[in-house]
Structures are given as structure tokens and as C-alpha cells.
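Protein chains in written order, with the numbering used here: chain A, 333 to 728; chain B, 24 to 286.
Pasting the structure below:
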């Protein structure tokens, strides 16, 4: 069977989920890697080392920055070119992409262009006859469903960390086919105008995540001393970022911690945030509401630190510590620093400053939090349409 | 200029259970897909910003494909501040996949566009029942308009738009021209809860129904169907509690991290 795998990357930095997908694709047969970007030699080399047999490459300045249209058109062109160099004999039997924001965009648009069925977020794939069958979570990870695509090939996006990452073989080679870009610069409807980037490793592909919950703000001694809860929480997260820096891992937060202003939405884990599946999930002061568990319960090992022995997170945790996290976290940070020997670089200081700047943009009001996008805007929630109210009063 | 928000009525996640390999929610009433509330918030913010350079009036139309039960979502959209709502009576949900749905929505958007120019079409980032999140990009492709997925901010001046979209690495800022089709991420802002009077007004607003014949469309046969549903395997863990002084506990945690190979 011939499989085409889209190698997802951000400005040349590969997303590790791409290698997992190549590893999965090798179970089906011949693997071609679809590489779209600018100055992609390193990506191509890495794709071969992780198991691709062939690379279809569109290396052009017009696809330097990701946009859905040129990337999807490029992917469609690769599919149409076929698996063999003459472009006629064989077709692909399966098109795989990592389930990232880019992977989903490309899958969606290619499905329209190629008139194929698209399946997303697969955690298992099989091909039976002409049907491609996947298993995937739905209803916010509450149920697993089988989904069947009746076209061949099917377009399938694969959940990150659902399949093992293959061992790279240094120096492994393959054939490279250069393809011309599918769209001219003038045909691309959007132009990139910069980024505002996170400075942390991505949560989706992290092997270790340290996460903080509402408990980060609950330090009895300091509250008694008159320190506001959100300041304690914010400082707790600074320490968590420092810990993540010395451990070389990513930081997550629960919804309650984000809403209390301790941290920012982009690292929120759970039903309305990111879904993660690290090797180890180290939870500080997270009680483990169902909504949070939906985002992290597929983690291999969960270590929970919580003052409440009845917190539901202990039901899913492999290791539990019933203690005040504010006693453990500083000690853990010091010991981790000694053991790993990593130092906190300036990069971290910057990310903290950025986090603070972001956090300051969340204005708290008695009833609602608004994320301020650019300039503060105000709504008067209390005020209803006066005419309506008058009419209602009169009729009453 | 029209701002269109595509909404969906879904069973509330709490009411869903699995019975004989099928997903059932008994007689529980449907709710608006929570992600669509962010799309509506995005539309309302966008309309409130007002395009000062533009003499046009802006209005929001909510559309949804489905039977009468879909009206829940449309009425919520009206209560939040949409000016009008249109229900499109389409095939049964089993007869639809995201591409077929996108075809119907694209036809409806074209029909609206023929009477009043459509500037922005907004979707929630995904439906909280099927969790696919493909329809926005597919509708954009069918219309031939730029797809801006995971939109986090939007600003326009005349026909130009400057947008930020959220991705794993942060935000990407792009410039484009209207019309555009967006799926909206949570960072657009917290959806405003509708007031009591707005809800009452929404209950009384008539919702016109368009049929496939009105759109002059035969939706394509679905290429994807759902099979058996099951519950994810229960996580069987016994929690091993760590005791001792903070130093001992911290040491044990680091030992565990080393044993797991993540240090």
C-alpha cells in the first residue's frame, strides 16, 4: 500500500507528531512524506531517518509561512501526482496527517478538492476492503466512536501521542522528488504579518507536563498574612514555569486557575482547552473536575499533589501526595535544579514577563472575566432594552 | 454588510450515554454548541467595533441546518444579539457528513450574499458533539473565500481585514480582504449571556425555513458515516501515596520522573 504523510512543521521546526504518523504509516507499506515549506533539507533528512521511503517536496518562498490555501493546494497537487515518479501508475491508498491545527485545515480543504472523505483525530486505523475505519474520541472525549470512510484513499488526521514515535536511523536515505508550488504568490488570498509566539514547548507533544490548578492560590499562611489569592496564584505559576524550565517540560493550567487570573488561556487543559497525553502529568493543586480529566486522563502516569485527600484526581493518579503544594513545589524546584543541572535562561525571564503582560490584560469584574483583545471595551450587562422593560412593567 | 454565524444544536454532553453501541440522549433537550457561542461573541464584537470607514450597516444572521430541534441554537443566537435567523431544512443527520453540510451552508451563504453582501462568516471551532472541526475550512473552500481557522482577533477597514489566528505555537497575524470564513477560538472573548428580555424577544421572533429546493441544491451523498460507539476503557489505577518530609517527597517525585524517562 502507498501512504502519503504530511510532515507538519512550524517554520522548519518539525512537530514530533509527524514522526509518530510516519511510524504508523510504515505498518501499511510504502511511505511518502509530503514536505511543504522553505529551505526544507533538514526536514526531508529527518523524515527519511524516521522511516519515510520517499519525499515529495515543495520548497518555495511562497509556502514559507503557513496559510491553509497554499499548503492544502500543495498537498492536493502531491496526491494527484501519485506515488510513482511518472505520476500515472499508482495512487495513494491512505493520506495521513498529524491532528494539529494545520493538519486539520489541510485535511478539510483537500477533502473538498479531491472529493474524498476526511476522518479526524484517529487513535486507531484499519483498512478493510475499500473502507477505512478509525476509532476516535467524540463528545469531548466522553465516548469512543468508530468512523468509516467509503472513499479510497481516505484522509485521516492522527491524534498526537496516540502512536509511538519510531527510533530514527541516522543516515537513512530515500528518493526526493521536487514539485513546483501549486499557487503563485498573487493567488494566495492571505499575507502573513508576524507572530505572537509562546516560548514554551508545545503542550500537545510534551512528554512531561507540570500543571497548576486553583490550589496554586491557596496558601493559608500567606492569605492570613493578607496576600491576595490571585497574587499567590500568579507567583505559584512563576515557580511552576521555573520548574518546567529546569525539567525541560511544558506548563499547563486548569480552567479555574485560568479564570482566577493565575495563568493564561493558551495553556488551559481540559474540555474547553487543550487535550494532552504526556508520559507524565504532574498536577499541583488540581482537584480533577470531569472537564479537566477529559483533557488529560490519557496521560500514562499521573502524579497528583493536593491538600484534599478526597480530590477526584487521586482516582486517576498513579502516585498521590496529600500535602500543601506550597511546601513541596519550592523544594522540588531546588532538587530538580541540582539534579538536572539546567539553568534558567534569559528566555524564561522573558516568557514570564510576557505571561504577566498577558495576565494583566484579563480584567476581573465581580461577575465576569473578559479577555481584552486590544483596547478595553465595556458592556453594561445590567441594562436591558428600556422599551422592552417598560412594556413588560406595564403589562405586569 | 452581513455577518453570518453558522450554529448547531447538540445534546448537552452531560445527557449523552452509550446504549448498544449507539449514542443516546433520551428526551433531553438540545443546547447551542458551546463553541458557537464564541463565534456569536466574535460576530457581536466585530459589529460593535464598527468599520468607521465604511458607510454600510452591519447585521448578523444566524443559520443552522436541521429539523425543528435546531431552532434552540438559532433562538439562542437571536437572544445573544443576532438580528435574524434562518433554519435550513436539510437531510437527516445520518445523511450528512461535514462536506455535505459545507455544501448546504455554502449554498445558503451564496443565497444571502445575492441580496446583501456577506463580509464575514463565523463558525465555532468545532461542534462539541462530533468534534470534527472541518466544516468551516470546507465551506470556505467551496465558496472560494479565504479560510481563517481558530480566529482570535478580527479588525477590518473597508474591505481589508487584519486577523490573528491561534495555533499551537502562539498566534499568527494575517492580512486579507473580505469576504472571509473563520472558525473562532476561545480567546475571542467570553460570550455574553443573553438577558431575560432578549430571550423572550427571541422566542417570539419568526424563523424562516429554507428547503433544499429553495437553495436549488441536491446535497452530495456522505462519504463518511459513524459506526459503533463505546465508552473509553476505565482507567484502572491504584494510587500509591507518597509520605515523608517535603525533601523526601520531592526526591521520590524526581526518581519517578527518571524512571519514566522524561528527565
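Yeah, the Cβ is synthetic: ideal placement off N, Cα and C, and Gly gets one too. Values in this document were obtained by computation on a predicted structure and should not be read as measured data.
My output table needs one value for residue 164 of chain B: the three-state DSSP class, helix, strand or coil.
In this structure, residue 164 of chain B counts as helix in the three-state DSSP scheme.
Using C-beta distances below 7 angstroms, list every residue in its chain close to residue 173 of chain B, excluding the 5 sequence neighbours before and after it, in chain order.
If we look at residue 173 of chain B and ignore the five residues flanking it on each side, its Cβ neighbours are 148, 188, 189, 190, 206, 208.
Have a look at A:489, A:377, A:652 and flag the residue whose alpha-carbon is nearest the alpha-carbon of residue 440 of chain A.
Of A:489, A:377, A:652, the residue nearest in Cα terms is A:489.
Around the Cβ of residue 421 of chain A, are there at least 16 other Cβ atoms within 10 angstroms (buried) or fewer (exposed)?
Per-residue confidence for residue 421 of chain A stands at a pLDDT of 45, beneath the threshold of 50, marking its modelled position as unreliable; the derived number appears in the next sentence. The residue is exposed, with fewer than 16 neighbouring Cβ atoms inside 10 Å.
Please determine if the stretch 84–95 of chain B and the stretch 445–453 of chain A are in contact, where contact requires at least 3 C-beta pairs separated by less than 8 angstroms.
Segments in contact, no.
Once DSSP output is grouped into helix, strand and coil, what is the label at residue 342 of chain A?
Looking at residue 342 of chain A - three-state DSSP - the assignment turns out to be strand.
Tell me which same chain residues have a C-beta within less than 7 angstroms of the C-beta of residue 34 of chain B, skipping the five on either side of it?
Result list for residue 34 of chain B: 48, 51, 53, 152, in chain order.
Measure the Cβ-Cβ separation of residue 622 of chain A and residue 639 of chain A and say whether it is below 8 angstroms.
Taking 8 angstroms as the Cβ cut-off, residue 622 of chain A and residue 639 of chain A do not qualify as a contacting pair.
Which residue wins for smallest C-alpha separation from residue 529 of chain A, given the options A:565, A:661, A:343?
Of the listed residues, the one whose Cα sits closest to residue 529 of chain A is A:343.
Run the CB neighbour count on residue 658 of chain A, radius 10 Å, all protein chains shown included, and call it buried at 16 or more, exposed below.
Classification for residue 658 of chain A: buried.
Please work out which residues of its chain come closer than 8 angstroms, Cβ to Cβ, to residue 155 of chain B, disregarding the five sequence neighbours upstream and downstream, and give them in chain order.
Answer for residue 155 of chain B: 121, 149, listed in chain order.
Can you tell me where the beta strand (DSSP E) with residue 183 of chain B in it begins and where it stops?
183–190 is the span of the beta strand (DSSP E), which, as asked, contains residue 183 of chain B.
Determine the direct distance from the alpha carbon of residue 143 of chain B to that of residue 749 of chain A, and round the result to whole angstroms.
Lying before the first or after the last residue shown, residue 749 of chain A is absent from chain A, which here runs from 333 to 728.
Given that a residue counts as buried once 16 or more other Cβ atoms are within 10 Å of its Cβ, and exposed if not, what is residue 353 of chain A?
Flag for residue 353 of chain A reads buried.
List the DSSP bridge partners of residue 600 of chain A.
Note: residue 600 of chain A sits in a beta bridge opposite A:585.
So, does the CB of residue 472 of chain A fall closer than 8 angstroms to a CB anywhere in chain B?
Closer than 8 angstroms: yes.
How long is the line joining the alpha carbons of residue 280 of chain B and residue 672 of chain A, rounded to whole angstroms?
Whole-angstrom Cα-Cα distance: 11 angstroms.
Looking only at DSSP bridge pairs, what is residue 249 of chain B linked to?
A:479, per the DSSP bridge assignment.
Run through chain A and tell me which residues come within less than 7 angstroms of residue 122 of chain B, C-beta to C-beta.
The answer, in chain order, is 443, 444.
Straight-line CA distance for residue 94 of chain B to residue 526 of chain A?
So the alpha carbons of these two residues sit roughly 40 angstroms apart.
Write down every uninterrupted run of the beta strand (DSSP E) in the stretch 598–679 of chain A whose length is 3 residues or greater and which is fully enclosed by it, in chain order.
Counting only runs of 3 or more, we get 612–616, 633–638, 651–654.
Name the two residues that bound the continuous alpha helix (DSSP H) containing residue 266 of chain B.
Here residue 266 of chain B belongs to no alpha helix (DSSP H), and DSSP marks it neither H nor E.
Could you list the residues in the stretch 185–207 of chain B with a C-beta less than 9 angstroms from some C-beta on chain A, going in chain order?
Hits within the stretch, in order: 185, 186, 187, 188, 189, 190, 191, 192, 193, 194, 195, 196, 197, 198, 199, 200, 203.
In the DSSP output, what is residue 362 of chain A paired with across the bridge?
A:334.
Please name the residue, chosen from A:560, A:551, A:542, that lies closest to residue 572 of chain A on a Cα-to-Cα basis.
Among A:560, A:551, A:542, the Cα nearest to that of residue 572 of chain A is on A:542.
For a quick check, are the C-beta atoms of residue 552 of chain A and residue 610 of chain A less than 8 angstroms apart?
No.
Which same chain residues, not among the five before or five after residue 473 of chain A, have their C-beta less than 6 angstroms away from its C-beta?
The residues are 626.
Can you pull the chain B neighbours of residue 748 of chain A, defined as C-beta to C-beta under 9 angstroms?
Here chain A has residues from 333 to 728 only, and residue 748 of chain A is not among them.
Please state if the CB of residue 336 of chain A and the CB of residue 427 of chain A are separated by a distance shorter than 8 angstroms.
Contact flag set, yes.
At which residues does the beta strand (DSSP E) containing residue 72 of chain B begin and terminate?
Per DSSP, residue 72 of chain B belongs to no beta strand (DSSP E); it is in the alpha helix (DSSP H), 57–72.
When you compare only the Cα positions, how much space is there between residue 431 of chain A and residue 453 of chain A?
Taking the straight line joining both Cα atoms gives about 6 angstroms.
Exposed or buried, which one is residue 219 of chain B when buried takes at least 16 other CB atoms within 10 Å?
That one is exposed.
What did DSSP end up calling residue 213 of chain B once you bin it into helix, strand or coil?
Note: residue 213 of chain B maps to coil in three-state DSSP.
Within this structure, are the beta carbons of residue 605 of chain A and residue 644 of chain A separated by less than 8 angstroms?
Cβ atoms of residue 605 of chain A and residue 644 of chain A: not closer than 8 angstroms.
Could you tell me how far apart the beta carbons of residue 370 of chain A and residue 435 of chain A are, in whole angstroms, since I believe they sit closer than 8 angstroms?
Not a contact, Cβ separation roughly 19 angstroms.
Could you give the distance in angstroms between the alpha-carbon of residue 637 of chain A and the alpha-carbon of residue 470 of chain A?
Their Cα atoms are separated by approximately 29 angstroms.
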